[in-house]
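All remarks here apply to the structure that follows.
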Amino acid sequence: MPADSFDAIIIGAGQAGTPLSYALAAAGRRVAFIESDSLGGSCINYGCAPTKALLASSQRAHDVRTAGELGIKSAKPEVDFAAVIERMHTLRQNSRDSLHRKITEDRDGITLIRGRAQFTAPHSLRVALVGGGEQQFTAPLIFINTGTSAAVPDIEGLADSGYLTSDSLLLGLKEQPAHLLILGGSYIGVEFSQMFRRLGTRVTVIDSKPRLMAREDPDVSHPLEECLTEAGVELVLSAETRRVSRAADGTITLTVTTTDGERRLRGSHLLVAVGRVPNTKDLGLEHTGIALDKKGYIKVNEHLQTGTRGVYALGDVKGGPQFTHISYDDYRVVRDALLHGSKRTTENRPLPYVVFTEPQLGRIGLSKNQAKEKGIAYRVSRLPARTIGRAVQTGETEGFVEVLVGEDDRLLGAAVFCEQGGEIMTMFQLAMAGKLRYQELEDMILAHPTWAEVLNNAFQRLKPGE
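Heads up: the sequence shown runs through residues -2 to 463, numbered per the numbering used here.
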């Protein structure tokens, strides 16, 4: 079968591959865009977009439930779970449809191919087409953007339990869980726990670590734990799950070993949220010079080049921080190198992220533990949210703003756990990018009363790091 030749082939329509297809096509390249599933990658289909749609519904329910604190009398909210899920599906489908139009109608030079690609040689692919049949493709430039899938641990009985992952829950859940057991206490587990609790579901989070968000400083993760427990989320930490079983009535039982002995936790649904694994298993990489690390992620250099010349890996499939904004920056690195002669790389780029609990946890730069590990001297100031004027006025007084300052008076990092935490963190990131000294922020005229005023006050408690 003769192969179709293109200037570039992109495998996977995620948040790096999609804009790259636009840029290459606009530059006159003939692009083959191969996708075996829904367009948009994890962000649109079972990541950022659908989870934040559900979070918006849960937040609105919480606002109604707590309106009395601001002098507004209201009836207890009645959650129409089916309508909440339907809204999420509608928003997601709108995004998929918009992407499809952009790829197939709004731009010339892009050929969308529905199928699963495998390398047969360093620059040749065989695609098993959706609907049947095969097709061969070649190109001097190939970009792998296949992303990740939910990790499933090897636990006795789990495979037969009817468990959910964040992928399957967001794609197929129709009924509201009565009691959701969540295995895993990192980003996904934390966000889902509060979200479902506010929608009226009983929630238990189980994690093998002694605290949630174990990579954070303890004095950052503990307030988050307190926030969740006050909302009614049960935390079972330092717990090893040994066995999972499902009864005839559908009840799921987790047998766990804790510091207090063995426990049996029962619920109606089980969400497995213990991380992600790369989608590299069936790519035929053995026919290339592409190497994988011990976890199966594609090894790349700072230019996102693999061990095969002309083949790149972008987004989550290459390992490292798995965030949409990092995937999008991968696109910019490759775009600028190929189309603009830039030597921009992935080295030393900032890593902002937000955990979309309420309050939000926004993080940029170094944590205290990281500064200590690197031997970097720092001063730290921690400002309770209750001292922020805007927080007092809105009633959103939970949390804190913590900043780290170096010997040169410039910011090293910030952890913002309060209302608008992601937005406030981003302002600190801008100050870091501009290399502003903290005194410049203290003396800056900022509109009153705004959340941004915290930039004036965040440094007033500076003291040497311990």
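Think of the CB as a built atom: it goes at the ideal place given N, C-alpha and C, for glycine as much as any other residue. Fair warning: this is a prediction, and the values are worked out from it, not measured in the lab.
- How would you call LEU401, buried or exposed, if buried means at least 16 neighbouring beta carbons within 10 angstroms? Against the sequence shown, residue 401 aligns to sequence position 404. So LEU401 ends up on the buried side.
- Got a sec, what are the start and stop residues for the alpha helix (DSSP H) VAL230 sits in? One-based indexing of the sequence shown puts residue 230 at position 233. That residue, VAL230, is in no alpha helix (DSSP H); it is neither H nor E in DSSP.
- Message: Whether or not the stretch 386 to 406 and the stretch 305 to 313 are in contact is what I'm after, with contact meaning three or more pairs of Cβ atoms, one per stretch, closer than 8 Å; do they touch?
- Response: no
- Message: My parser needs the alpha helix (DSSP H) runs of 4 or more residues fully inside the stretch 155 to 183; what are they?
- Response: 163 to 169
- Using the DSSP secondary-structure output, state which residues sit across from THR108 in a beta bridge. By 1-based counting over the sequence shown, the position of residue 108 is 111. Paired residue(s): ALA29.
- Query: Below 8 Å, can you find three or more Cβ-Cβ pairs linking the stretch 234 to 244 to the stretch 142 to 152?
  - Reply: yes
- Message: Assess contact between the stretch 408 to 422 and the stretch 350 to 361, defined as three or more Cβ pairs (one per stretch) separated by less than 8 Å. Is contact present?
- Response: yes
- State the DSSP-derived secondary structure class of VAL12, mapped to helix, strand or coil. Counting from one through the sequence shown, the residue named residue 12 turns up at place 15. This sequence places Gln at residue 12; Val is not what is there. Coil.
- Query: Sorted by chain position, which residues of the same chain lie with C-beta nearer than 6 Å to ARG383's C-beta, five sequence neighbours on each side aside?
  - Reply: Taking the first residue of the sequence shown as 1, we reach residue 383 at position 386. The residues are THR394.
- Task: If I'm right that THR303 touches ILE287 with Cβ under 8 Å, what's the distance once you round it to whole angstroms?
- Result: On the sequence shown, position 306 is the one that residue 303 refers to. On the sequence shown, position 290 is the one that residue 287 refers to. With 8 Å as the limit, THR303 and ILE287 qualify as a contact, their Cβ atoms being about 5 Å apart.
- Task: Could you please give me the residues that DSSP links to ARG407 through a beta bridge?
- Result: Within the sequence shown, residue 407 is the residue found at index 410, counting from 1. ARG434, per the DSSP bridge assignment.
- Query: How big is the Cα-Cα spacing for GLU344 and LYS171?
  - Reply: For the purposes of this step, residue 344 is taken as residue 347 along the sequence shown, with counting starting at 1. For the purposes of this step, residue 171 is taken as residue 174 along the sequence shown, with counting starting at 1. If I take the Cα positions, the gap works out to 43 Å.
- Helix, strand or coil at ALA148 [DSSP, three-state]: Counting from 1 along the sequence shown, the entry for residue 148 is found at position 151. In the structure shown, ALA148 sits in coil (DSSP, three-state: anything other than H, G, I, E or B).
- Item | Cβ pair LEU225, SER218 closer than 7 Å | Against the sequence shown, residue 225 aligns to sequence position 228. Against the sequence shown, residue 218 aligns to sequence position 221. Contact flag unset, no.
- Spatial distance of MET424 from ALA388 (CA atoms): The count along the sequence shown starts at 1 and reaches residue 424 at position 427. The count along the sequence shown starts at 1 and reaches residue 388 at position 391. When rounded, the distance between both Cα atoms is 17 Å.
- Assuming LEU126 contacts PHE134 (C-beta within less than 8 Å), just tell me the rounded distance between them. Translated into the one-based positions of the sequence shown, residue 126 becomes position 129. Translated into the one-based positions of the sequence shown, residue 134 becomes position 137. LEU126 to PHE134, Cβ: 11 Å. No contact.
- Going by alpha carbons, who is nearest to TYR375 out of VAL233, GLY410, VAL200? To locate residue 375, count along the sequence shown from 1; it is residue 378. For the residues VAL233, GLY410, VAL200, the minimum Cα distance to TYR375 belongs to GLY410.
- Message: Would ALA136 and PHE3 be called neighbours here (beta carbons separated by less than 7 Å)?
- Response: Residue 136 sits at position 139 when you count from the first residue of the sequence shown. Residue 3 sits at position 6 when you count from the first residue of the sequence shown. Yes, they are a contact pair.
- Report yes if the C-beta distance between GLY182 and ASP204 is below 7 Å; otherwise report no. Residue numbering aside, residue 182 sits at position 185 when the sequence shown is read from its first letter. Residue numbering aside, residue 204 sits at position 207 when the sequence shown is read from its first letter. Yes, the pair counts as a contact, with Cβ atoms nearer than the cut-off.
- Message: Could you tell me the alpha carbon to alpha carbon distance between LEU251 and LEU262, rounded to whole angstroms?
- Response: Reading the sequence shown from its first residue, position 254 is the one you call residue 251. Reading the sequence shown from its first residue, position 265 is the one you call residue 262. Cα-Cα distance, rounded: 5 Å.
- Query: Which residues mark the beginning and the end of the alpha helix (DSSP H) in which VAL127 is found?
  - Reply: If you number the sequence shown from 1, residue 127 lands on position 130. Element bounds for VAL127: n/a, residue is neither H nor E.
- Please state whether DSSP places ILE69 in a helix, a strand or coil. Start at 1 with the first residue of the sequence shown, and residue 69 comes out as number 72. If DSSP states are grouped into helix, strand and coil, ILE69 belongs with coil.
- Message: Starting from GLU83, trace the alpha helix (DSSP H) in both directions and tell me its first and last residue.
- Response: Along the sequence shown, read from residue 1 onward, the residue named residue 83 stands at position 86. First-last of the alpha helix (DSSP H) with GLU83: 78 to 98.
- Task: Would you mind working out which of LEU52, LEU51, GLU75, ALA53 sits nearest ARG62, comparing C-alpha positions?
- Result: For the purposes of this step, residue 62 is identified with residue 65 of the sequence shown, where counting begins at 1. Here the closest residue by C-alpha is GLU75.
- Task: Confirm, please, whether the CB-CB distance from GLU399 to ARG379 is below 7 Å.
- Result: Sequence index remark: in the sequence shown, residue 379 carries index 382 (1-based). Sequence index remark: in the sequence shown, residue 399 carries index 402 (1-based). Contact: yes.
- Query: If we call anything under 7 Å between Cβ atoms a contact, is HIS97 one with LEU21?
  - Reply: Stepping through the sequence shown from its first residue, residue 97 is reached at position 100. Stepping through the sequence shown from its first residue, residue 21 is reached at position 24. In this structure, LEU21 does not lie closer than 7 Å to HIS97 by Cβ.
- Query: Is ASN142 near ALA29, with beta carbons less than 7 Å apart?
  - Reply: Counting from 1 along the sequence shown, the entry for residue 142 is found at position 145. Counting from 1 along the sequence shown, the entry for residue 29 is found at position 32. No, the Cβ-Cβ distance between ASN142 and ALA29 is not below 7 Å.
- Message: Please report the straight-line C-alpha distance between ALA175 and ASP34, rounded to a whole angstrom.
- Response: Reading the sequence shown from its first residue, position 178 is the one you call residue 175. Reading the sequence shown from its first residue, position 37 is the one you call residue 34. Distance between the alpha carbons of ALA175 and ASP34 is about 31 Å.
- Item | Proximity winner among LEU289, LEU408, VAL331, relative to LEU459 (alpha-carbon distances) | The residue you call residue 459 lines up with position 462 of the sequence shown. Checking every option, the nearest Cα to that of LEU459 belongs to LEU408.
- Contact set for THR255: own chain, Cβ-Cβ below 7 Å, skip 5 residues either direction: For the purposes of this step, residue 255 is taken as the residue at position 258 of the sequence shown. Closer than 7 Å at the Cβ level, and outside the excluded window around THR255, lie VAL233, SER235, ALA236.
- Task: Can you have a look at ALA455 and say buried or exposed, based on whether 16 or more other CB atoms are within 10 angstroms of its CB?
- Result: Walking along the sequence shown from the start, residue 455 turns up at place 458. Under this definition ALA455 is a buried residue.
- Message: Alpha carbons only, please: which of LEU88, LEU363, PRO347 is nearest the one belonging to PHE320?
- Response: Counted from its first residue, the sequence shown places residue 320 at position 323. Nearest C-alpha to PHE320: PRO347.
- Given LEU138 as reference, the closest of VAL124, GLY144, PRO119 once Cα atoms are compared: Position 141 of the sequence shown, counting from 1, holds the residue named residue 138. Here the closest residue by C-alpha is PRO119.
- Measuring CB to CB, does SER71 end up less than 7 Å from ALA79? Here residue 71 corresponds to residue number 74 of the sequence shown, with the count starting at 1. Here residue 79 corresponds to residue number 82 of the sequence shown, with the count starting at 1. In this structure, ALA79 does not lie closer than 7 Å to SER71 by Cβ.
- Item | Continuous alpha helix (DSSP H) stretch holding TYR43: start and end | What you label residue 43 is simply residue 46 of the sequence shown in a count that begins at 1. Per DSSP, the continuous alpha helix (DSSP H) segment holding TYR43 begins and ends at 38 to 43.
- Can you tell me whether DSSP reads ILE421 as helix, strand or coil? Along the sequence shown, one-based indexing puts residue 421 at 424. If DSSP states are grouped into helix, strand and coil, ILE421 belongs with the helices.
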